Amino acid sequence: MDRNKRTILEIIVILAMFLILSMIAYFAGTGLAKTFLKAGGVTLGQWKDHYIALVRIMGVVACCITFVWYFSARFFLKITYPVFVGKRTIWVIIGLLNLISCVVVPFFYVRSDSILKIDVTIYLLFLVLFGILGYYASSIFATPACYKYTPIGAKSIRAAKYKKRSLKE
Amino acid sequence: MSFYFISIGGSGAKVLESLTHLCAAGMFPTEEKLYVMAIDPDVGNGNLARSSAALHCYDSFQKFQTGSHTPLFKTKVELANPFVWNPTEHDKCLDDVMSYQAYKGTPIGDLYEVLYTKKERSTLLNEGFRGHPSIGAAVMAKKVALHDADGTAAGDAEPWKHFKLLVNQDAKTGSVAKIFLTGSVFGGTGAAGMPTIAKLLQRTFKTLYEEGKVLLGGGLILPYFSFSPAKTDAFSGQVYASSENFLTSTQAALKYYSVKNKEEDIYHAMYFIGDNILAPVQKFSVGSSSQENNAHIVDFYGALAAIDFFQSDVHKLKQCSYITHAEDGRFSWSDLPNIVLKEENGQQITVPQKERLAQYIRFVFSYVHLIKPVLKQLSSGRVKGYQYPWFIDYLEGLNIDTLEVKNFEEYTECFVRWLLQLEGREQHARNIDLLHPMTIASINPAKINADLFANCITGEESGVTIHELWYRLSESGCRNEYADGFGKFLRVLYDCCEKR
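Protein sequence lines correspond, in order, to chains L and A.
Residues in the first sequence are numbered from 1 upward in steps of one, following this note's numbering.
Residues in the second sequence are numbered from 1001 upward in steps of one, following this note's numbering.
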């Protein structure tokens, strides 16, 4: 496949992934809300209206951070000498940034929203879905070829996939 | 059709070095095998040692399975065994070769004494004929005569025996054997060997020759360098070549070829290659390992002459053509002739030399700059494989600590050194403008200026930066089912170096 087409496809894959993860975060969060929303307080309907906005913001932030890695790997990190070409440190730092954002963004959002109350399980949900699953899965499957084995564990998944494809061809 | 290349003397060896690199770059017209042999009494000659190193490396790594439909390493070479045929034996002088003691006091012995000075007769021939073709001609003629007198042909000794067998096999299968000889006309070994060996071949394959099943080509190297012997050599009274005699020797040789070829029609094609500016040789040597002269554009043209001979149709061989360059004092890519390739279906296609050679140069440079240091670091465990997607995709699990891989790495060093010498801006009066002057940062070990990689070929914006190459290497797969192992990786690397 042509490199530009592949880039577009990878961008679409990342966007689609975060869209799906946002939907999962919304429905799973709604389910979790039933366990911590107290009777006589904010209704589930009211809470959902505010929660969806948080999920949207969280999805966009996590997606943007994932794109920082993607675009860096695709366009900005250039190789001229074959030393220190793994960029795993950068990948880990961006990943940590993503994890932090999964805590910081809801924390400050909730503080500015008097209706939305969230439990620690929502934080955990965001960490798992956006912080780990979103970033990790995107970088495993959609990191540009130059750094395709940089994400930890990518080698065992992508190399096996690559070798299988080569054998087929 | 089969190709045979015989280098004679130091100049011939230098042409052979260029031919080896062109061979590896896939500049040969078809996928025919090339049988290579060298003739030199000075087996330790530095020029020959350098050519031999490159050729033996190539011989070793040509086993790489690079797959089909690629020019990379497509020409398979077969080396003569022994690779160098020495017409004299070790520690023999002319008197020994000519059995002077047996003729001493006879009219033949007296004539011999008149023709050769005492110094010429007593000089050991371990370091060649020292610019004296009269010695070389006598030795070679004697060798040939000896065989004939014994009732045996020269082909009864190796490597001639196998050579003869191959040519006869070609004739049996109905194909044409193209034999190309190259050597200087102004030195010692080449000047003596070019007419003598050609004559020997004509005689050996007389019938096939007359039937047009053996075609003989000659690359005659005319003077292109000069030197001043060190005083110590002159005072020690040694016999050595003198560049002041080059032009007169050449004139005499050319007259000889003009007359002889008209009379006997030995060569089917003759290529005369020289330079009107004589490049000074840095270090004068009478022979042996210290006789190592830098590669020169004349050697390169000598190799192109061989390729032209191999690619030309029989009826075109007698045509008289000139090749020259557009600008006085400068050689550029546009001066080099295109190569005519024969497809499997028999069709001929013309490929610009620049296109193919440029891709090959990028291929070698990229190996030297990107791959070789990484493989070294990976084997020592200093870096981790995940950083190098191409390593995981093609080389992980392979044994790359093999002789073939080592030979390939040595070959890349030879190639970069040859290229740098060919450009040789400081040494030549010529401006050889094929590469960006700063591309090769150093040799031994070869280092490339990575920032200039994309523009390393003069007048070309290839767009293949190191990063781009890395990207291609990481994303592309090899779709050739016949490619395998390290050869498959080299094939991918070569394909990635293509200008797109």
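Beta carbons: idealized from backbone N, C-alpha and C, even for Gly.
This one's a predicted model, so the numbers in the text were calculated from it and none came from an experiment.
Looking at chain A, is there any beta carbon in it that lies within less than 8 Å of the beta carbon of residue i?
i	result
residue 85 of chain L	yes
residue 146 of chain L	yes
residue 3 of chain L	yes
residue 150 of chain L	yes
residue 80 of chain L	yes
residue 159 of chain L	yes
residue 155 of chain L	yes
residue 14 of chain L	no
From which residue to which residue does the alpha helix (DSSP H) around residue i run?
i	result
residue 17 of chain L	3-36
residue 1431 of chain A	Residue 1431 of chain A -> not in any alpha helix (DSSP H); beta strand (DSSP E) instead, spanning 1431-1433.
residue 1330 of chain A	Careful: residue 1330 of chain A lies outside any alpha helix (DSSP H), inside the beta strand (DSSP E) at 1330-1332.
residue 51 of chain L	44-71
residue 1474 of chain A	1466-1475
residue 1030 of chain A	No alpha helix (DSSP H) holds residue 1030 of chain A; DSSP gives it neither H nor E.
Among all the DSSP beta bridges, which residues are the ones paired with residue i?
i	result
residue 1119 of chain A	DSSP lists no partner for residue 1119 of chain A.
residue 1002 of chain A	A/1177
residue 1220 of chain A	A/1183 and A/1272
residue 1055 of chain A	Partner(s): none; residue 1055 of chain A has no beta bridge.
residue 1342 of chain A	A/1348
residue 1484 of chain A	A/1065
residue 1448 of chain A	A/1440
residue 115 of chain L	In the DSSP output, where bridge partners are listed per residue, residue 115 of chain L has none listed.
residue 1124 of chain A	A/1093
Can you tell me which of the three DSSP states residue i falls into?
i	result
residue 1504 of chain A	What the structure shows of chain A is the stretch from 1001 to 1500, and residue 1504 of chain A is not part of that stretch, so it cannot be assessed.
residue 1148 of chain A	Summary for residue 1148 of chain A: the model assigns pLDDT 49, below 50, so the residue's position carries little reliability; its value from the coordinates is reported in the next sentence. Residue state, collapsed to three classes: helix.
residue 190 of chain L	With chain L covering 1 to 169 only, the question about residue 190 of chain L has no answer from this structure.
residue 1015 of chain A	helix
residue 1215 of chain A	strand
residue 1234 of chain A	Only weak support exists for where residue 1234 of chain A lies, its pLDDT of 49 falling under 50; the value from the coordinates is given anyway. It is helical.
residue 1008 of chain A	strand
residue 990 of chain A	Absent from the model: residue 990 of chain A. The displayed extent of chain A is 1001 to 1500, so no value can be given.
residue 1443 of chain A	coil
residue 1129 of chain A	coil
residue 966 of chain A	As displayed, chain A neither begins before 1001 nor continues past 1500, which places residue 966 of chain A out of reach and without an answer.
residue 1225 of chain A	strand
residue 1087 of chain A	coil
residue 1323 of chain A	coil
residue 1497 of chain A	coil
residue 1279 of chain A	strand
residue 1457 of chain A	strand
residue 1060 of chain A	helix
Which residues mark the beginning and the end of the beta strand (DSSP E) in which residue i is found?
i	result
residue 1359 of chain A	Taken as a continuous stretch (DSSP letters only), residue 1359 of chain A belongs to no beta strand (DSSP E), being part of the alpha helix (DSSP H) at 1353-1366.
residue 1184 of chain A	1177-1184
residue 1035 of chain A	1034-1039
Take residue i as the anchor and find which of the options has the nearest alpha-carbon.
i	options	result
residue 102 of chain L	L/114, L/79, L/117 and L/55	L/55
residue 1324 of chain A	A/1272, A/1176, A/1095 and A/1044	A/1272
residue 1405 of chain A	A/1376, A/1258, A/1383 and A/1433	A/1376
residue 1031 of chain A	A/1345, A/1217 and A/1195	A/1345
residue 13 of chain L	L/159, L/126, L/138 and L/153	L/138
residue 1257 of chain A	A/1245, A/1422, A/1500 and A/1222	A/1222
residue 1293 of chain A	A/1251, A/1465, A/1470 and A/1048	A/1048
residue 1073 of chain A	A/1372, A/1119, A/1019 and A/1135	A/1019
residue 1492 of chain A	A/1163, A/1407, A/1137 and A/1394	A/1394
residue 1447 of chain A	A/1417, A/1433 and A/1475	A/1417
residue 1002 of chain A	A/1441, A/1277 and A/1216	A/1216
Determine, for residue i, whether the minimum Cβ-Cβ distance to residues of chain L falls below 8 Å.
i	result
residue 1450 of chain A	yes
residue 1464 of chain A	no
residue 1386 of chain A	yes
residue 1471 of chain A	yes
residue 1498 of chain A	no
residue 1374 of chain A	yes
residue 1370 of chain A	yes
residue 1389 of chain A	yes
residue 1432 of chain A	no
residue 1134 of chain A	no
residue 1052 of chain A	no
residue 1475 of chain A	yes
residue 1495 of chain A	no
residue 1215 of chain A	no
residue 1392 of chain A	yes
residue 1467 of chain A	yes
Could you tell me whether any non-hydrogen atom of the ligand ATP is closer than 7 Å to the CB of residue i?
i	result
residue 1440 of chain A	Although the ligand ATP was asked about, the structure shown includes no ligands whatsoever.
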